[in-house]
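The structure under discussion appears below in the form of structure tokens.
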Amino acid sequence: MKTNGQNGEGEPLLYEEVAARIGGMIRNGTYRPGERIPSIRALCRQLRISANTVMESYARLENSGLIEARPQSGFYVCSRLAEPAVLQEPLEKWKDFTPNPATIGDASLEVMCAIANPSLVPLGSGIPNCDLLPGNKLNRMLSSESRRFSLQSIAYPPAQGHKLLRTQIARRSLDSGCPLGPDDIVITSGCVEATNLALQSVCSPGDTVAIGSPVYPTFLKSIQWMGLKVLEIPSTSQGMNLDVLDYAIRHNKISACITIANFNNPLGSLMPDNRKRELVSLLTKHDIPLIEDDVYGDLAYSSSRPVSTKAFDENGLVLYCSSFSKTLAPGYRVGWIAPGRFREKVLRLKMLLNIATTSPTQLAIAEFLTNGGYDHHLRKIRRIYARQTALVRDMVLHHFPLGTQVSRPEGGYILWVELPEGYDAFKLYEAALRVGIAIAPGTIFTLCERYKNCFRLNAALWSERIEQALVTLGGLAK
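Note that my numbering has the sequence shown beginning at 363, numbered continuously upward.
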């Protein structure tokens with residue numbers, strides 16, 4: 363180990379070497395979360411270096427979120443290791459912007475195909491773990507309900523959807539803070555159709571849509587297909603930055619805003635209730651519709667699910683979208699929209715595009731909500747996802763380069779990983795692909811030059827194969 367002032371040009375300084383050594387010992391489990399690391403005096407004696415060097419090293423580790431100082435006690439490994447200081451760039455960097463046409467490049471399409479390829483380890487996908495879903499029970503109900511409602515199951519259903527299902531969804535709407543009636547709801551073929559109907563109901567080609575960034579790629583595909591423009595609004599661990607949104611509204615003509623307020627994809631973040639209220643208030647002031655995707659809301663790790671932004675909507679401006687794809691059956695393609703004042707327009711578009719959503723799957727979901735133990739099922743998968751998300755997070759912090767940061771979601775199963783500056787997540791994606799692993803690099807979540815050192819991980823899936831893939835990925839990143 364070099365002494366201070368003797369490092370050659372381009373070589374690491376001594377305090378960087380010390381920080382890397384202690385950080386490595388934290389990563390490999392020598393020092394576990396909550397444990398005390400050597401004092402400044404002890405490390406000075408052990409390594410025969412100055413107190414200033416140790417202090418500089420520990421400051422670096424503190425800034426990386428690996429250790430914390432406790433008054434009169436010393437330095438300890440953070441009990442919950444660092445999450446990204448996600449996207450907290452100076453607001454000035456976001457104020458000089460104009461809406462962009464939604465154009466998805468070939469590289470992004472290639473990534474989307476790769477993360478859906480069943481022959482690859484799907485570390486970057488957004489799919490739930492189907493082994494945890496009540497497939498056998500649902501399929502029995504699909505069969506029994508098709509017999510019980512033999513005519514309804516083969517006839518065209520109402521465009522708005524079967525009332526049995528709409529009633530069950532309405533009864534559950536109290537949990538999300540927005541009591542709805544069956545007539546407030548339109549059944550859709552998944553949440554993607556719900557958000558597409560919402561966009562088409564409030565926007566025309568050439569209009570601008572404000573959306574939290576990083577952006578769920580399916581939104582970008584929909585916006586591109588509709589000929590709309592995108593205005594990316596930076597997000598933090600507490601959701602969309604409302605100061606920037608306010609600035610954007612005052613300097614641009616915005617026709618709609620899209621948010622995933624509860625367990626955002628890809629950030630995993632949860633917007634606090636007071637910020638949800640502020641978001642709705644800001645948009646209402648300017649008469650801008652808000653499209654909310656709440657597909658992860660039922661997957662809160664706590665005993666109660668968070669409320670939706672719709673809970674604060676007094677003017678019918680929130681078009682609330684969700685589905686059962688993440689909690690029950692992605693293949694059934696059953697979702698819904700509560701479109702507020704845009705109900706009639708959404709209904710007309712639904713009839714025009716595909717008449718109605720398939721009857722048998724609607725009836726099976728309705729029966730499961732009535733008699734299938736949906737709440738018991740949710741409690742089970744919430745516990746599993748909470749455990750697996752913590753496990754994947756710890757593995758990333760253990761096996762990836764010093765300074766890697768990971769989000770700390772309170773629900774869902776999506777993690778956002780931020781490598782240290784200078785790392786290229788797309789190159790990591792390419793290297794991983796060569797060994798049969800697919801991740802989702804940060805560049806597919808934006809139309810701007812951002813998130814180059816970031817990527818999305820899926821913690822829903824767990825097996826020895828997944829565990830080994832994470833270790834391999836960490837090795838490729840170093």
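No residue lacks a Cβ here, since even glycine has one placed at the ideal position from N, Cα and C.
Taking C-alpha atoms, which residue in the options lies nearest to residue i?
| i | options | result |
| --- | --- | --- |
| Tyr736 | Gln530, Tyr377 and Ser664 | Gln530 |
| Asn491 | Leu835, Tyr785 and Gly774 | Gly774 |
| Arg403 | Leu513, Arg394 and Asn414 | Asn414 |
| Asp655 | Pro771, Val592 and Lys688 | Lys688 |
| Ser721 | Ile828, Thr550 and Gly427 | Thr550 |
| Tyr663 | Ile611, Leu731 and Pro771 | Pro771 |
| Pro484 | Val657, Thr834 and Ala802 | Ala802 |
| Arg394 | Phe730, His760, Met503 and Leu376 | His760 |
Where does residue i sit, in a helix, a strand or coil, going by DSSP?
| i | result |
| --- | --- |
| Trp778 | strand |
| Ala556 | helix |
| Asp468 | helix |
| Arg383 | helix |
| Asp656 | coil |
| Phe762 | coil |
| Met633 | coil |
| Phe817 | strand |
| Glu378 | helix |
| Gly497 | helix |
| Pro520 | coil |
| Ser575 | strand |
| Gly836 | helix |
| Arg398 | strand |
| Ala831 | helix |
| Thr598 | strand |
| Pro692 | helix |
| Trp824 | coil |
| Ala618 | strand |
| Asn491 | coil |
| Asn624 | strand |
| Arg749 | helix |
| Gly676 | Here the sequence assigns Glu to residue 676, which means Gly is not the residue at that position. Glu676 falls in the coil class under three-state DSSP. |
| Leu644 | helix |
| Arg528 | helix |
| Ile743 | helix |
| Glu424 | helix |
If contacts are defined as beta-carbon pairs under 8 Å, then residue i and residue j qualify, I think. What distance do you get, rounded to the angstrom?
| i | j | result |
| --- | --- | --- |
| Pro496 | Leu690 | 7 Å |
| Pro544 | Ala532 | 5 Å |
| Val416 | Val380 | 7 Å |
| Ala839 | Tyr785 | 7 Å |
| Thr646 | Leu681 | Actually they are not in contact, since the Cβ atoms of Thr646 and Leu681 sit about 13 Å apart, beyond 8 Å. |
| Phe762 | Tyr791 | Phe762 to Tyr791, Cβ: 14 Å. No contact. |
| Thr834 | Val797 | 6 Å |
Residue i and residue j: beta carbons closer than 8 Å?
| i | j | result |
| --- | --- | --- |
| Val642 | Thr671 | yes |
| Leu809 | Glu594 | yes |
| Glu507 | Ala726 | yes |
| Gly488 | Ile776 | yes |
| Tyr578 | Leu661 | no |
| Glu640 | Leu604 | yes |
| Ser841 | Ser597 | Coverage of the chain is limited to positions 363 through 840, which leaves residue 841 absent and any answer about it impossible. |
| Ser631 | Val571 | no |
| Phe704 | Val564 | yes |
| Gly702 | Cys683 | no |
| Ala421 | Ile585 | no |
According to DSSP, residue i sits in a beta bridge with which residue or residues?
| i | result |
| --- | --- |
| Trp698 | Ile549 and Ser684 |
| Thr570 | Lys591 |
| Glu430 | Tyr438 |
| Pro484 | Ala800 |
| Val768 | Val779 |
| Gly773 | Ala662 |
| Pro463 | Lys591 |
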